[in-house]
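Quick notes on the structure that follows.
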Amino acid sequence: MYDFSTLMHDIDQLQHHSFVRIHEIGRSVLNKPLVELQIGEGETYVHMNASFHANEWITSAVVMALVRDYVQALQNKQHLLGYDVQRLYEKTTLSVVPMVNPDGVDLVLHGKKAAQHYEDEVVRINGGSEDFSQWKANIRGVDLNNQFPVKWEVEKERKIPKAPAPRDFPGFFSLTEPEVQAMVALTKKRNFFKVLAFHTQGKEIYWGYEQCEPPEAEEEVNEFAKWSGYVPVRYIDSHAGYRDWFIFNWKRCGYTIELGEGVNPLPFSQFPSIYNESIGIFVTALART
Numbered sequence: 001m002y003d004f005s006t007l008m009h010d011i012d013q014l015q016h017h018s019f020v021r022i023h024e025i026g027r028s029v030l031n032k033p034l035v036e037l038q039i040g041e042g043e044t045y046v047h048m049n050a051s052f053h054a055n056e057w058i059t060s061a062v063v064m065a066l067v068r069d070y071v072q073a074l075q076n077k078q079h080l081l082g083y084d085v086q087r088l089y090e091k092t093t094l095s096v097v098p099m100v101n102p103d104g105v106d107l108v109l110h111g112k113k114a115a116q117h118y119e120d121e122v123v124r125i126n127g128g129s130e131d132f133s134q135w136k137a138n139i140r141g142v143d144l145n146n147q148f149p150v151k152w153e154v155e156k157e158r159k160i161p162k163a164p165a166p167r168d169f170p171g172f173f174s175l176t177e178p179e180v181q182a183m184v185a186l187t188k189k190r191n192f193f194k195v196l197a198f199h200t201q202g203k204e205i206y207w208g209y210e211q212c213e214p215p216e217a218e219e220e221v222n223e224f225a226k227w228s229g230y231v232p233v234r235y236i237d238s239h240a241g242y243r244d245w246f247i248f249n250w251k252r253c254g255y256t257i258e259l260g261e262g263v264n265p266l267p268f269s270q271f272p273s274i275y276n277e278s279i280g281i282f283v284t285a286l287a288r289t
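Numbering-wise, UniProt numbering puts 48 at position 48 of the sequence shown, and it's gapless, one number per residue.
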């Protein structure tokens with residue numbers, strides 16, 4: 001499993017590398033730091049994030065493994081999949097928020113005690129059950145990837161939960177949750193060239209939104225598909241997500257990558273295959289700027 005303390009241990013290990021800059025971009029509901037890693041010297045920022053959804057925590061493990069291998073290749077002056085990583089480092093800056101929803105991740109992995117003073121509340125929201133394996137929301141029962149102000153009202157109207165729930169509740173208003181506020185502030189501040197949001201599961205890549213995506217998105221997603229074997233999907237009937245909001249407001253490339261296949265939370269035994277499917281996406285996203 002890959003929980004918040006494992007993440008922070010891995011981040012601590014990365015601090016020893018001069019290539020890596022570490023920024024706290026905000027705090028979760030339970031006051032855990034939301035961390036951004038930056039690697040690169042370029043003015044072009046490529047952003048990646050993981051674990052918007054609590055039971056998709058394997059995405060954080062995958063993204064951190066990709067980051068570690070990128071740093072190691074830089075350190076050893078090696079290539080990654082034939083790409084000169086030194087050139088990528090000079091040309092781009094990689095921005096990674098590896099765990100957007102640390103409170104939710106720890107709830108899924110450690111149970112109600114991880115909820116601290118929300119312990120009684122999460123059990124109530126979860127219908128009295130102490131099995132949190134299907135929990136996607138943050139600790140307050142708000143789905144963080146349904147919180148962004150792009151057709152949020154559509155999701156609020158049609159989502160079945162009208163109050164905090166383990167999944168799918170978009171909040172009573174948009175932008176209420178500190179994790180989402182941190183991601184919005186970061187995105188505005190960095191002016192990302194493109195964004196990749198890692199989720200599970202389905203082996204699909206969503207790449208369009210409301211015809212706001214640029215023409216080059218199709219070419220790039222087809223490159224991702226070649227490396228990963230994942231299926232590009234242009235439009236889905238979904239709004240108020242991070243990628244939706246980014247594409248709609250910046251008219252730039254944004255991708256939701258649904259890693260792996262099966263039922264969430266995916267077993268950690270899928271990690272090696274998911275990593276192999278992801279590494280080409282990771283490097284291609286940095287190279288195509």
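The beta-carbon is built from N, C-alpha and C at its ideal position, and this holds for glycine as well. This one's a predicted model, so the numbers in the text were calculated from it and none came from an experiment.
Please state whether DSSP places residue i in a helix, a strand or coil.
i	result
Val149	First, the amino acid is wrong: residue 149 is Pro here, not Val. If DSSP states are grouped into helix, strand and coil, Pro149 belongs with coil.
His195	In the sequence as presented, His is not what sits at residue 195; that position holds Val. If DSSP states are grouped into helix, strand and coil, Val195 belongs with the strands.
Met48	strand
Leu14	helix
Val29	coil
Gln38	strand
His9	helix
Glu130	coil
Glu24	strand
Asn55	helix
Lys159	coil
Val184	helix
Glu43	coil
Leu175	coil
Using the rule of at least 16 other Cβ atoms within 10 Å of the residue's Cβ for burial, across every protein chain shown, is residue i buried or exposed?
i	result
Ile236	exposed
Asp244	buried
Glu204	buried
Lys226	exposed
Glu43	exposed
Gln147	buried
Asn101	buried
Arg158	exposed
Thr93	buried
Glu41	exposed
Glu56	buried
Pro265	buried
Val150	buried
Asn138	buried
Leu81	exposed
Tell me which same chain residues have a C-beta within less than 8 Å of the C-beta of residue i, skipping the five on either side of it?
i	result
Ser60	Tyr2, Leu7, Ala50, Ser51, Pro98, Met99 and Val105
Lys162	Phe169
His79	Ala73 and Val85
Kindly list the residues whose CB is nearer than 7 Å to the CB of residue i, restricted to its own chain and excluding five residues on each side of it in sequence; keep chain order.
i	result
Val71	Leu14, His17, Phe19, Val20 and Ile39
Ala287	Tyr83 and Leu88
Gly202	Glu258 and Glu261
Glu210	Phe248
Apart from the five residues just before and just after residue i, which ones in its own chain have a Cβ nearer than 6 Å to its Cβ?
i	result
Glu277	Ser228
Glu223	Thr284
Would you say residue i reaches chain B, if we count a Cβ-Cβ gap shorter than 8 Å as a contact?
i	result
Pro215	Among the chains of the structure shown, chain B does not appear; only one protein chain is present.
Query - Those runs of the beta strand (DSSP E) which lie wholly inside the stretch 201-242 and span at least 3 residues - result: 204-206 and 231-233
Requested in this report: Identify every run of the alpha helix (DSSP H) within the stretch 57-119, keeping only runs that are complete inside it and at least 4 residues long; order them along the chain.
Outcome: 58-75, 85-91 and 102-110
Requested in this report: Write down every uninterrupted run of the beta strand (DSSP E) in the stretch 240-287 whose length is 3 residues or greater and which is fully enclosed by it, in chain order.
Outcome: 253-259
Query raised in the report: Using 8 Å as the threshold, is the stretch 239-254 in touch with the stretch 176-196, meaning 3 or more CB pairs across them?
Result: yes
**Report entry** Inter-stretch contact at 8 Å, needing at least 3 Cβ pairs: the stretch 174-183 / the stretch 21-36
**Finding:** yes
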